[in-house]
Amino acid sequence: MPGLPDDRSVTERLGLSRPSLPRHVWVDGEPGLLLEWDRRADGWWGRVVTSEGGQAVESWVRADRLRPS
421 MPGLPDDRSV TERLGLSRPS LPRHVWVDGE PGLLLEWDRR ADGWWGRVVT SEGGQAVESW
481 VRADRLRPS
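Following the working numbering, the numbering of the sequence shown begins with 421 at its first residue and continues without gaps.
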């Protein structure tokens, strides 16, 4: 409905049958893998996987910290 927040994912809003493929990004200068986007009240956030000490770490990161590869 107009004026109400849309809680659907980008994939659902665009009517896509499957999510887009993950893509390589830089997170504060370190390599990462962007899995999905989320629009929140304070802007866009990306769900990324990075490596810390040889371990995969999944986190939500503000879009202004992400750069395309």
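By construction, the Cβ of each residue, glycine as well, lies at the ideal position given by its N, Cα and C atoms.
Quick caveat: nothing in here was measured; it's all calculated off a predicted structure.
Residue(s) in a DSSP beta bridge with residue i
| i | result |
| --- | --- |
| Ser479 | Val468 |
| Gly463 | Arg460 |
Beta-carbon separation (whole angstroms), residue i vs residue j, contact threshold 8 Å
| i | j | result |
| --- | --- | --- |
| Val481 | Val468 | 5 Å |
Residues near residue i in its chain [Cβ-Cβ closer than 6 Å; skip 5 each side]
| i | result |
| --- | --- |
| Ala476 | Val469 |
| Glu456 | Arg467 |
| Gly452 | Val445, Val468, Thr470 |
Range covered by the beta strand (DSSP E) that runs through residue i
| i | result |
| --- | --- |
| Pro451 | 450–460 |
| Leu486 | 486–488 |
Proximal residues to residue i (C-beta, below 7 Å), its chain only, five neighbours per side dropped
| i | result |
| --- | --- |
| Arg485 | Val447, Asp448 |
| Pro488 | Val445 |
| Glu472 | none |
Residues near residue i by beta carbon distance below 8 Å, same chain, minus five either side
| i | result |
| --- | --- |
| Trp464 | Trp457, Asp458, Arg482, Ala483 |
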